[in-house]
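S.K.: Position in the sequence shown (from 1) plus 185 gives the number in this note's numbering. Ideal placement from N, C-alpha and C gives every residue a C-beta, glycine not left out.
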Amino acid sequence: MYKLIFISLTLILFSCNSTKNMGNTDVDYRTYLDGEWTLVQLNDRVMDASMTRPTITVSQSGNRVSGNGGCNNFASTLEAIGPNTIEMGDIAATKMACPSMSVETEYFKTLGDVATYKVEGSTLMLMSKGGKELLSFSRI
186 MYKLIFISLT LILFSCNSTK NMGNTDVDYR TYLDGEWTLV QLNDRVMDAS
236 MTRPTITVSQ SGNRVSGNGG CNNFASTLEA IGPNTIEMGD IAATKMACPS
286 MSVETEYFKT LGDVATYKVE GSTLMLMSKG GKELLSFSRI
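1) Could you tell me if residue 253 is buried or exposed, where buried requires 16 or more neighbouring beta carbons within 10 angstroms of its beta carbon?
2) Taking the continuous alpha helix (DSSP H) assigned at residue 287, which residues delimit it?
3) Using three-state DSSP, classify residue 216 as helix, strand or coil.
4) Using three-state DSSP, classify residue 244 as helix, strand or coil.
5) Which same chain residues, not among the five before or five after residue 237, have their C-beta less than 7 Å away from its C-beta?
6) Within this structure, are the beta carbons of residue 278 and residue 259 separated by less than 7 Å?
7) Identify the continuous beta strand (DSSP E) that holds residue 310 and give its terminal residues.
8) For the candidate residues 290, 240, 313 and 217, whose alpha-carbon lies nearest to that of residue 300?
9) Please list the terminal residues of the continuous beta strand (DSSP E) segment that includes residue 330.
10) When DSSP labels each residue in this structure, what does residue 271 get in the three-state scheme?
11) Can you tell me which of 315, 310, 317 and 316 puts its alpha carbon nearest to the alpha carbon of residue 224?
12) Mind reading off the beta-carbon distance from residue 241 to residue 250? Whole number of angstroms is fine, and I expect it under 8 Å.
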């Protein structure tokens, strides 16, 4: 008799336990990267909103990264990408001369140091292998 009561109570308790369907928790991280971004911060320097700021466009369908360094256009390939890692190929850029190229030179060099990324809302952060934030972008 006690076994029957125990089994009944156990079944009643477990039947009251609700289960939540969380849906598909596998998020396609690549969709967060796709699109056009404008540079907000380069290393420790905040970009002046009045200047022509460098941009980057990520197109994973074509495995490409392209953009503008403030003067010259550039392109590269996406060699590898994971949930928080990114590897770009060599950067090819046009060769126009502009009055001030220091930001662009630093931008292109810094892009070569990128190994990881993080997207928070409309902000893309590209970081070194050690996790140091190198570049910060805002989605256009």
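M.R.: The structure says:
1) buried
2) 287–296
3) helix
4) strand
5) 255
6) yes
7) Residue 310: member of the beta strand (DSSP E) spanning 308–312, first to last residue.
8) Checking every option, the nearest Cα to that of residue 300 belongs to 313.
9) Given that the chain is displayed from residue 186 to residue 325, the structure contains no residue 330 and the question cannot be resolved.
10) strand
11) When the alpha-carbon of residue 224 is set against those of 315, 310, 317 and 316, the nearest one is in 310.
12) The pair is a contact, with the Cβ atoms about 6 Å apart (cut-off 8 Å).
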